Amino acid sequence: MKVLGIETSCDETAIAVYESKVGIIAQNIYSQVDLHTQYGGVVPELASRDHVRKCMPLILQTLDECSLTLKDLDGIAYTSGPGLMGALLVGATIGRSLAWTLDIPAIGVHHMEAHLLAPLLEDRAPSLPFVALLVSGGHTLLVLVEEFSSYKLLGESLDDAAGEAFDKTAKLLGLPYPGGPQIAKLATKGRAGKFEFPRPMTDSFSLDFSFSGLKTAVQVQMQKLRTVDEQVKADIAYAFETAVVDTLFQKCSWALEHTGCSNLILAGGVAANLRLREKLQSLTADVIFPSFSLCTDNGSMIAYAGHERLVRGEVEPLHIHTKSRWSLQDLELH
Ligand code: KG4
Ligand code: ZN
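Quick note: the working numbering has the sequence shown finishing at residue 335, numbered continuously throughout.
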């Protein structure tokens with residue numbers, strides 16, 4: 002079965018083709034980062050319009066790269082939520098319309114489920130069950146993945162997501178969007194012990210997260226300083242990154258203890274953070290870090306998650322539905 006995956010939930014148009022038993026046979030990603038950088042964050046309307054421009058040409062280019070045409074496809078998977086409504090609708094409309102004209106099934110995929118399953122695309126795939134730390138720009142979740150489509154939410158962010166905290170703190174430091182990689186880069190020049198920020202919600206056992214206070218702590222610290230030169234900025238970036246990494250480490254450690262699980266996998270854009278990866282290595286669990294391209298938004302994870310549902314016979318009615326908010330707990334096999 003050959004499944005086309007379409008991801009348009011935020012600021013990346015990403016396309017891939019997954020073939021049963023073979024794996025991903027082609028993939029492409031077009032990032033809108035340059036479009037949004039000047040505004041300091043994603044502008045939803047601009048994102049939707051750019052997906053309209055890029056989606057179809059990228060589908061054709063991707064098929065061409067694996068010597069297929071639309072007629073060779075057996076199914077289409079598209080992200081149907083959570084994400085930006087207008088952006089989601091572009092991928093959903095193209096995916097559903099193509100499937101209708103080709104007379105093949107289409108399936109809407111949960112973006113977070115796709116992130117959770119992405120590590121299974123690696124050569125060294127984790128064995129089930131595993132605890133997943135999903136840290137992206139919009140979500141921070143700790144999930145127990147027992148089997149396909151059986152996800153137990155262990156904890157989540159009560160306010161800002163980890164990636165959002167990186168992005169907002171980067172803005173305070175005058176760094177461009179997206180802030181995570183920028184802070185990580187600047188932090189390599191930072192000195193330890195110059196600043197100290199809180200590790201939110203780590204005083205007593207809790208698997209939930211709260212990062213908005215951390216960003217405020219950085220803001221208050223900056224207001225206290227008379228001059229904030231490049232070295233001071235680097236020291237702040239270092240202290241901030243350390244606080245986030247320590248917090249995520251503590252929660253992962255608790256989650257593994259709480260579930261008795263010995264496998265931890267990382268997913269989502271913040272999982273690209275090198276200091277987080279380094280710190281989590283010290284856990285006694287088997288920690289699996291997917292490649293960078295599988296951590297951040299991509300079409301492969303959508304094609305794969307859709308394939309797994311389609312091969313189980315899941316079908317969807319013809320109407321197009323997308324959800325800007327969608328709890329993993331509400332996900333079931335139809
Ligand atoms: O999963 P993702 O690509 O998109 C969604 O949010 O769905 O995650 C993007 C987030 C952004 O907030 C970005 O700043 C953050 O991941 N990020 C990082 C790093 N690379 C990307 N945060 C910290 N360190 C990084 N190296
Ligand atoms: Zn994502």
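Cβ coordinates follow ideal geometry from the N, Cα and C atoms, glycine included.
The model shown is predicted, which means the values in this text are computed figures rather than measured ones.
Per DSSP, the bridge partner or partners of residue i
i: Ser32; result: Glu13
i: Asp210; result: Here residue 210 is Phe; the residue named in the question, Asp, does not match the sequence. DSSP output for Phe210 lists Ser158 as bridge partner(s).
i: His111; result: Gly82
i: Ala133; result: Val144 and Ile266
i: Ile77; result: Leu5 and Ala107
i: Gly24; result: Glu20
i: Tyr152; result: Val146
i: Asp51; result: Answer is none; Asp51 lacks a bridge partner.
i: Ile289; result: Ile266
CB-CB length for residue i against residue j, believed under 8 Å
i: Ile303; j: Gly6; result: 4 Å
i: Gly270; j: Ile108; result: The pair is not a contact, with the Cβ atoms about 24 Å apart (cut-off 8 Å).
i: Met113; j: Leu329; result: 5 Å
i: Leu142; j: Glu157; result: 5 Å
i: Trp101; j: Leu319; result: 7 Å
i: Lys195; j: Ala240; result: 7 Å
i: Gly82; j: Ser325; result: 6 Å
i: Ala412; j: Phe198; result: The structure shown does not extend to residue 412, since the chain spans only 2 to 335, so no value can be given for it.
i: Pro45; j: Ala268; result: With 8 Å as the limit, Pro45 and Ala268 do not qualify as a contact, their Cβ atoms being about 24 Å apart.
i: Leu64; j: Val18; result: 7 Å
i: Gly181; j: Ala162; result: Not really, about 11 Å apart at Cβ, beyond 8 Å.
i: Ile289; j: Pro127; result: 5 Å
i: Leu226; j: His259; result: That pair is no contact at about 40 Å.
i: Leu332; j: Tyr152; result: 7 Å
Given residue i as reference, the closest of the options once Cα atoms are compared
i: Leu117; options: Leu311, Asn299, Phe210 and Arg326; result: Asn299
i: Lys22; options: Glu8, Gln39, Val4 and Ser10; result: Val4
i: Val34; options: His52, Ala17 and Ala238; result: His52
i: Ser137; options: Phe198, Met57 and Phe167; result: Phe167
i: Leu1; options: Glu231, Ser98, Ala272 and Pro127; result: Lying before the first or after the last residue shown, residue 1 is absent from the chain, which here runs from 2 to 335.
i: Leu90; options: His322, Arg326 and Glu333; result: His322
i: Thr189; options: Glu66, Ser301 and Ile237; result: Ile237
i: Asp160; options: Pro201, Lys186 and Val132; result: Pro201
i: Arg192; options: Gln220, Ala235 and Lys172; result: Ala235
i: Leu129; options: Gly139, Glu147 and Gly261; result: Glu147
i: Gln183; options: Lys195, Ala273, Val44 and Pro291; result: Ala273
i: Tyr31; options: Ser98, Gln39, Phe290 and Ala48; result: Ala48
i: Arg313; options: Thr297, Phe149, Thr228 and Leu155; result: Phe149
i: Leu71; options: Ile105, Leu36 and Glu279; result: Ile105
i: Arg97; options: Val144, Val316 and Thr228; result: Val316
i: Ala115; options: Lys186, Gly164, Gly84 and Ala88; result: Gly84
i: His37; options: Ile26, Gln220, Ser207 and Cys11; result: Cys11
i: Ala286; options: Thr9, Leu332, Val132 and Ser151; result: Val132
i: Gln62; options: Gln224, Ala93 and Gln28; result: Gln28
i: Thr94; options: Met57, Cys67 and Asp73; result: Met57
i: Arg50; options: Ser294, Tyr19, Glu13 and Ile25; result: Glu13
i: Gly164; options: Gly92, Ala15 and Leu134; result: Leu134
i: Leu69; options: Arg227, Leu145, Met2 and Phe206; result: Met2
i: Trp327; options: Cys253, Leu154, Leu311 and Ser205; result: Leu154
i: Ser292; options: Ala185, Arg125, Tyr40 and Glu8; result: Arg125
i: Leu59; options: Tyr152, His140 and Glu8; result: Glu8
i: Cys67; options: Glu20, Ser205 and Asp204; result: Glu20
i: Thr170; options: Tyr152, Leu145, Gln220 and Gln39; result: Gln220
i: Leu277; options: Ser294, Ser207, Lys252 and Thr260; result: Lys252
i: Glu309; options: Leu295, Gly24 and Asp73; result: Gly24
i: Lys55; options: Ala185, Ile16, Glu333 and Tyr40; result: Ile16
i: Ser205; options: Pro179, Ser254 and Tyr40; result: Ser254
i: Ala185; options: Val233, Leu275 and Val144; result: Leu275
Beta carbon proximity, residue i to chain D, threshold 8 Å
i: Leu281; result: Any reference to chain D falls outside this structure, which holds one protein chain only.
In chain order, what residues place their C-beta within less than 5 Å of a heavy atom belonging to the ligand ZN? Ser137 and Asp298
If we count Cβ pairs, one from each stretch, closer than 8 Å, do we get three or more for the segment 233-251 versus the segment 210-218? yes
Per the contact definition of three or more C-beta pairs closer than 8 Å, is the segment 247-267 in contact with the segment 60-77? no
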